[in-house]
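K.L.:
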């Protein structure tokens with residue numbers, strides 16, 4: 006018995022008409038969509054006023070070289086002079102930092118005198134740098150320098 010082979014029609018999807026429909030859909034959605042224009046950010050600018058005078062937050066450097074031997078911002082001073090200087094600076098800016106640097110051979114009571122003075126003057130920001138911090142800041146302009 007012989008097997009008879011029928012002429013089958015190949016199962017193909019007509020791509021030409023599908024491409025036409027796809028392009029028509031693209032054109033339809035492009036024409037019917039609403040394009041929003043970008044207007045940028047809307048914000049209100051402040052009115053012209055007098056500029057605010059802001060002073061930089063420079064610290065006061067106190068160096069204790071020995072018992073009763075103090076320098077503040079590289080000028081020799083007594084405890085009373087330092088108190089007056091710190092008080093005048095704190096009236097301008099109460100958050101102004103005070104850096105107290107002591108030499109290694111200075112007795113503890115000299116450092117404690119300075120800390121007591123800062124406490125009496127109600128200094129809020131007091132720092133005592135370590136040797137590595139002193140070395141690090143020595144390279145910057147206006148930084149704390151070691152002896």
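Residue numbers (our numbering): 6 to 152. Using N, Cα and C, we set each Cβ at its ideal position, and we do this for glycine too.
Could you work out which residue in 136, 93, 70 is closest to residue 116 when comparing CA atoms only?
P.N.:
70
K.L.:
List the endpoints of the continuous beta strand (DSSP E) containing residue 106.
P.N.:
It spans 103-107 - the beta strand (DSSP E) in which residue 106 sits, taken as one unbroken run.
K.L.:
Quick one: Cα of residue 104 to Cα of residue 80, how far?
P.N.:
14 Å
K.L.:
Would you list, in sequence order, the uninterrupted alpha helix (DSSP H) runs of no fewer than 4 residues that lie entirely inside the region 76-126?
P.N.:
84-97, 113-125
K.L.:
Tell me, please, which residues DSSP counts as bridged to residue 65.
P.N.:
DSSP, once it has assigned bridges, lists 103 as partnering residue 65.
K.L.:
What residues match up with residue 131 in a beta bridge as DSSP calls it?
P.N.:
103
K.L.:
On the DSSP letters alone, give me the boundaries of the alpha helix (DSSP H) that residue 25 sits inside.
P.N.:
20-37
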